[in-house]
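>
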Amino acid sequence: MKRNLITILSAICLLLVVRCAEKRQQPVLTNKDVSKVIARMTDVMVHDVTNPPLASRFFAYTCLAGYEVMARDKQLKSMQGILNQYPAISASKQNELYNPQLSAVMAMFETAAKLQPSGSLMGKYEEGFLDSCRTIGFTDEVIDSSKSYAKFISKKILAYAKADGYRKISNYPRYKLKRTPGSWDLTPPAYMVPVEPYFNTVRTLVIDSASQFVPDAPVPFSTDKNSAFYKFLELSYSKSGDKLTQEEKNIANFWDCNPFAVQNDGHMLIGLKKISPGAHWMGVTAIACSQSQAGFAKTIEVNTMVAIGLMDAFICCWEDKYRTDRIRPETAIRRYIDPHWKPLLQTPPFPEYISGHSVISTTSAVILTHYFGNSFKYIDDVEQQFGVPPRQFNSFTQAATEAAISRFWGGIHFMDAIDNGILQGYRVGNWVVNKVSRGKGSK
């Protein structure tokens, strides 16, 4: 009897050892697996012509799903008590064979598929990802267990997203143009309706409110040739077209990132394939994580922080855009100086002040600098697939500064919108970094 008991206990111990060995020997995912999800999301956004603020919302909640898996595995700090109204997610009885890395990536796929209009494409990308996981050694049992847990987490994050107020926007009144001197008006060639005029009503993630970092007021509109506004107008007119150097044109085109850009083809307008400013900076994040050989958990963390910063920065920026409702250079110059003038870049369909690219680029640069330092040299080839040649940068700050001034050279922003946009971006970025760094939660 005693010998039988010893035999049974030995068998149990052996089984536990084998199970532990199986878990230890599971394949390892890398930063590239996280970045591929973001890249596939961007592909779908180009397909759907997703507007920049909404794109930031998709990125934020998708990254949060992956982050939550790693936080519950004690590899990252919990977001409860850091993000506004972030829920306490109850424990799930996941199978012990689930793999946290695999589950995190699958939670991102699941969340993106539910958020994006053409989310079915994400499902196809996920199938390809799982085939590659089987190739490197993940068993179907581990995949099934990880997917079950991923769906559980994704469902919780989607509920958090649903409560942010975005869905209510469709019930708000249609935005009406003010038609007053100095107010924003539709611009050629497509004369599109204003994009996301109520995005400032969406719940913020880290900042207290959309109006927490209100910038200085824009220079008052005036047609007086001695006024500050008219001098801005003349400055924009004098620095355009053939008066730009080739390098200034290159920089403006590099940072165009206008999903709404179209070209005339006879009587038709053909949409050009371009990514949003936020998608560009998520691409830069992928470059930084790859170049620095960041581990899986750190890559999830950095992507999530940048995505959070992007969403809050867009909410801040859009609050100012529709509150100030300022006329674009293209409209003002044609109306008061030269009716035939055209900017180098197509004017995006929303008010001028404050410069969105200045805000979100600076916010992203602040967050990336926090993780990788202020002298991180890299080559930005994010949009090479769209025919945009790569550029080299010595720091994220240099890139953000270039992105900001590109809007002036492109003829779509006045200088005060750029300068004050940079300041707002610094404030949002530093707030995100400081709040997350001092936030409660266990690692």
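Convert by adding 2 to the 1-based position in the sequence shown; the result is the number in the working numbering. Glycine included, C-beta positions come from ideal geometry on N, C-alpha and C.
Between which two residues does the beta strand (DSSP E) containing Tyr-380 stretch?
380-382
> Round the Cβ separation of Gly-427 and Val-361 to the nearest angstrom and send it over; I've been treating them as touching at under 8 Å.
4 Å
> Which residue marks the beginning of the beta strand (DSSP E) containing Arg-393, and which one marks its end?
393-395
> Counting Cβ pairs closer than 8 Å, one from the segment 153-160 and one from the segment 309-319, do we hit at least three?
Under the 8 Å Cβ criterion, the segment 153-160 does not count as touching the segment 309-319, having fewer than three qualifying pairs.
> Restricting to Cα atoms, I'd like to know which of Thr-349, Lys-437, Arg-429, Ile-369 is closest to His-415.
Thr-349
> Report, in whole angstroms, the separation of the C-beta atoms of Phe-316 and Phe-201, which I expect to be a contact under 8 Å.
7 Å
> For a test of the three-state rule: what should DSSP assign to Val-36, helix, strand or coil?
helix
> Have a look at Ala-419, Val-195, Pro-261 and flag the residue whose alpha-carbon is nearest the alpha-carbon of Ile-347.
Residue identity differs from the one stated: residue 347 is Leu in this sequence, not Ile. Nearest of Ala-419, Val-195, Pro-261 to Leu-347, Cα basis: Pro-261.
> How about Pro-220 and Pro-351: do their beta carbons lie closer than 8 Å?
no
> Three or more C-beta pairs closer than 8 Å, one from the segment 280-293 and one from the segment 42-55: is that the case here?
Yes, since at least three Cβ pairs between the segment 280-293 and the segment 42-55 fall closer than 8 Å, the two stretches touch.
> Name the DSSP beta bridge partners of Arg-447, please?
The chain is shown only over 3 to 445; residue 447 falls outside these bounds and no answer can be derived.
> Is there contact between the segment 178-196 and the segment 136-149, where contact requires at least three CB pairs shorter than 8 Å?
Judged by Cβ distances under 8 Å, the segment 178-196 makes no contact with the segment 136-149, as fewer than three pairs qualify.
> Can you give me the C-alpha to C-alpha distance between Lys-241 and Leu-31, rounded to a whole angstrom?
49 Å
> Given that a residue counts as buried once 16 or more other Cβ atoms are within 10 Å of its Cβ, and exposed if not, what is Glu-128?
buried
> Out of curiosity, what's the CA-to-CA distance linking Ala-450 and Asp-322?
One cannot answer for residue 450 here, as it falls past the ends of the chain, which runs 3 to 445.
> At least one CB of chain D closer than 8 Å to the CB of Glu-129: is that the case?
As a matter of chain content, chain D is missing from the structure shown, which is built from one protein chain.
> So, for Ile-424: in the same chain, excluding its five sequence neighbours on each side, which residues have a beta-carbon less than 7 Å away from its beta-carbon?
Once the five neighbours on either side are set aside, the close Cβ partners of Ile-424 are Ser-360, Thr-364, Ala-406.
> Between the segment 202-216 and the segment 71-87, can you find at least three pairs of beta-carbon atoms closer than 8 Å?
yes
> Using DSSP with H/G/I as helix, E/B as strand and the rest coil, what is Ser-134?
helix
> Between Asn-305, Ser-185, Ala-296, Gln-77, which has its C-alpha nearest Leu-66's C-alpha?
Asn-305
> Is it buried or exposed for Gly-413, if we count other Cβ within 10 angstroms and need 16 for buried?
buried
> Count the other CB atoms within 10 Å of the CB of Asn-228; is the residue buried (16 or more) or exposed (fewer)?
exposed
> Taking 8 Å as the cut-off, does the segment 47-61 touch the segment 114-131 (at least 3 CB pairs, one atom from each stretch)?
Verdict: yes, contact present.
> Which word fits Tyr-174, buried or exposed, when buried means at least 16 other C-beta atoms lie within 10 angstroms of its C-beta?
exposed
> Please name the residue or residues paired with Arg-328 in a DSSP beta bridge.
Ser-185
> Keeping to the same chain, check which residues put their C-beta closer than 7 Å to that of Asp-181; ignore five residues upstream and five downstream.
Per the sequence shown, the amino acid found at residue 181 is Arg instead of Asp. Taken in chain order, the list of residues that qualify is empty.
> So what does DSSP say about Asn-101, is it helix, strand or coil?
coil
> Between Ala-152 and the rest of its own chain, which residues show a CB-CB distance below 6 Å, the 5 nearest in sequence each way excluded?
Excluding positions up to five away in sequence, the list reads Ser-105, Met-108, Ala-109, Glu-112.
> Which runs of the alpha helix (DSSP H) at least 4 residues long sit entirely within the segment 304-350? Give them in chain order.
Taken in chain order, the unbroken stretches of alpha helix (DSSP H) that lie wholly in the segment 304-350 and span 4 residues or more are 331-338.
> Under 8 Å by Cβ, that's how I've got Arg-328 and Gly-184 pegged, so tell me the actual separation to the nearest angstrom.
7 Å
> CA-CA distance, Phe-61 and Asp-382?
20 Å
> Could you tell me the distance, in whole angstroms, from the CA atom of Ser-439 to the CA atom of Ser-224?
45 Å
> With distance defined between alpha-carbon atoms, name the residue in Lys-379, Asp-244, Pro-222, Ala-163 nearest to Thr-206.
Ala-163
> What residue does the alpha helix (DSSP H) around Phe-374 start on, and which one ends it?
358-374
> Counting only the same chain and skipping the five closest in sequence on each side, list residues whose C-beta sits under 8 Å from that of Lys-379.
Gln-394, Phe-395, Asn-396, Ser-397
> I'd like to know whether the C-beta atoms of Lys-276 and Ala-263 end up nearer to each other than 8 Å.
Cβ distance < 8 Å, so Lys-276 and Ala-263 count as in contact.
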